[in-house]
Ligand code: C5P
Ligand code: MG
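In this note's numbering, the protein residues as written are 40 to 215.
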């Protein structure tokens, strides 16, 4: 569904950038990325941050006003967070974190449904169970850290696409 947010953010998806890099025949990281994605593990941050930073630098080089980014699926673990802090120290402010809260059962059902057409090697039950484990062990603690800093905006993502979108818009209307 293509509804766009009017607040002038450039949307960057860490997972999408990794999937693109995996397809790039010139990349030396293709195999490693595929292995991590299938296992539901988090790719070493040096790779992910270089992809994110390249996109951010290219976007701002083309238009200096485009300096606001909605970064999707990052940071996912301690390594991601440290890499971000090291690379972005003094360069980027984190305004807030959107937390799409949804129980495991619904997430798994949605991804299995998506798997019918996504072509993603991790939209299957086995990879999804691993991704849930990674989330609980590695990602949730990072969300908790941002929560302590008062930066987390929680959305009930078990609702319909339209309801979730409306909640997101409300947050951007206030914070954006
Ligand atoms: O966010 P998304 O569901 O697209 O992520 C898919 C996979 O990409 C993750 O399960 C993980 O293997 C990889 N990924 C990563 N580091 C990130 C984001 C995604 O390793 N920051
Ligand atoms: Mg994603």
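Even for Gly, the Cβ is constructed at its ideal location relative to N, Cα and C.
Collapsing the DSSP output to three states places residue 52 in a strand. Cβ neighbours of residue 69 within its own chain (closer than 8 Å, five residues either side excluded): 60, 61, 62 and 63. The straight-line gap separating the alpha-carbon atoms of residue 73 and residue 188 is approximately 34 Å. Every beta strand (DSSP E) stretch that sits fully inside the stretch 136-167 and reaches 3 residues is listed by chain position as 136-140. Under the 8 Å Cβ criterion, the stretch 47-54 counts as touching the stretch 100-107, having at least three qualifying pairs. Ranked by Cα distance from residue 213, the first of 185, 192, 177 and 146 is 192. Spanning the alpha carbons of residue 152 and residue 144 requires a straight line of approximately 12 Å. One alpha carbon belongs to residue 207, the other to residue 194, and they sit about 7 Å apart. Boundaries of the alpha helix (DSSP H) harbouring residue 203: 200-214, taken from the DSSP string. A distance below 8 Å separates the beta carbons of residue 177 and residue 115.
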